[in-house]
Amino acid sequence: MAGPEFQGDLFILPHMEACILPTIASNGPPSPFNIDLFTDASFSIAKGCQGPSKPSQPAGAAVFWKPWPGLLVRDPWHSRAFQVLACRGSREAELFAVVTGLETAALLAHLMPELRRVTVFTDCQDSIHTLMAAAAKASDPLVKRAVAASVELVARGVRVLVRWCPGHVGIEGNEKANDLAKEVRSYNFRHLVPKEQPDLLAGYEIPEEYLERARRGDWWKDDTLRQQATGPLIDR
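Counting from 1, position 97 in the sequence shown corresponds to residue 97 in the UniProt record's numbering; the numbering is continuous, with no gaps.
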């Protein structure tokens, strides 16, 4: 029995044409009417690394967009980053990233009453083909989530589009998502990601604060100080 269709438009254009809209979206200002989100994922293909992603070798996923109103002149981008466990390969990681982009847009729609269009740019054509066949893949949990997010957006009067964006051609939004998806895999967020392998694919969001501390290389020191500062007071 076929499941529900994805409620949106899915595009894979020729390479030159496919570069135009994501380039405009990367260079343009934020809008109260449109959200353009760039998604990407990273999966370890290191020698000796076999099977699904695990705590010692997580997959990574990232989403970038320019929020409305654009208040930060220095850096207009916002982002979300995830470590992904029990992910079976790069294609599944890429689909997780697209789903996260759609769900992020659905959340933002609550704050943007004038929103009329959401575009998710992915450099993975396979993710778009999967959504094209959503009705036949209704048992896939990620497909279910993508369909649910699209239904929620359309119910709000928002048009949903997922477009292929060529990767590694200097499109800023795609490059940012690519870099963050790779970076988030490289840190051990022991308080945010479980040590035990989950049975099913699971994504764990890494807040920007924790990424910044990891980049400084002193995040464990910061964590110890925070625990000491917030620990129980002992009467002497």
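Every residue, glycine too, gets a C-beta built ideally from N, C-alpha and C.
One alpha carbon belongs to Asn178, the other to Asp123, and they sit about 10 Å apart.
Spanning the alpha carbons of Pro166 and Arg216 requires a straight line of approximately 32 Å. Within 10 angstroms of the beta-carbon of Phe33 lie fewer than 16 other beta-carbons, which makes it exposed.
The beta carbon of Val154 sits closer than 8 Å to the beta carbons of Gln7, Gly8, Val160 from its chain, once the five residues preceding and following it are set aside; these are given in chain order. Here the alpha carbons of Val120 and Val99 stand approximately 9 Å from one another. Secondary structure at Asp36: strand, using DSSP grouped into helix, strand and coil. Around Arg185, the same chain offers Ser42, Pro58, Gly60 as residues with beta carbons nearer than 6 Å, after the five sequence neighbours per side are excluded. Under the rule that a run must span 3 or more residues, the beta strand (DSSP E) segments found entirely inside the UniProt domain "RNase H type-1" (31-186) read 34-42, 59-65, 78-85, 117-122, 159-164. Straight through space, the alpha carbons of Glu5 and Pro113 are spaced by roughly 25 Å. By the neighbour-count criterion, in which a residue is buried when 16 or more other Cβ atoms sit within 10 angstroms of its Cβ, Ile24 is exposed.
Here Asp126 has Arg91 as same chain residues with Cβ atoms under 6 Å from its own Cβ, once five neighbours each way along the sequence are excluded.
As computed with DSSP, Ala202 is found in a beta bridge with Leu85. The DSSP-derived three-state label of Leu192 is coil. Exclusion of the five residues before and after Gln197 leaves Lys54 as the residues of its chain whose Cβ lies within less than 6 Å of its Cβ. DSSP places Leu10 in the strand class (E or B) of the three-state scheme. Counted as a single uninterrupted DSSP element, the alpha helix (DSSP H) harbouring Pro22 occupies residues 15-27. Annotated as distal: Ile206 and Val162, with beta-carbon spacing of 8 Å or more. Glu209: member of the alpha helix (DSSP H) spanning 208-216, first to last residue.
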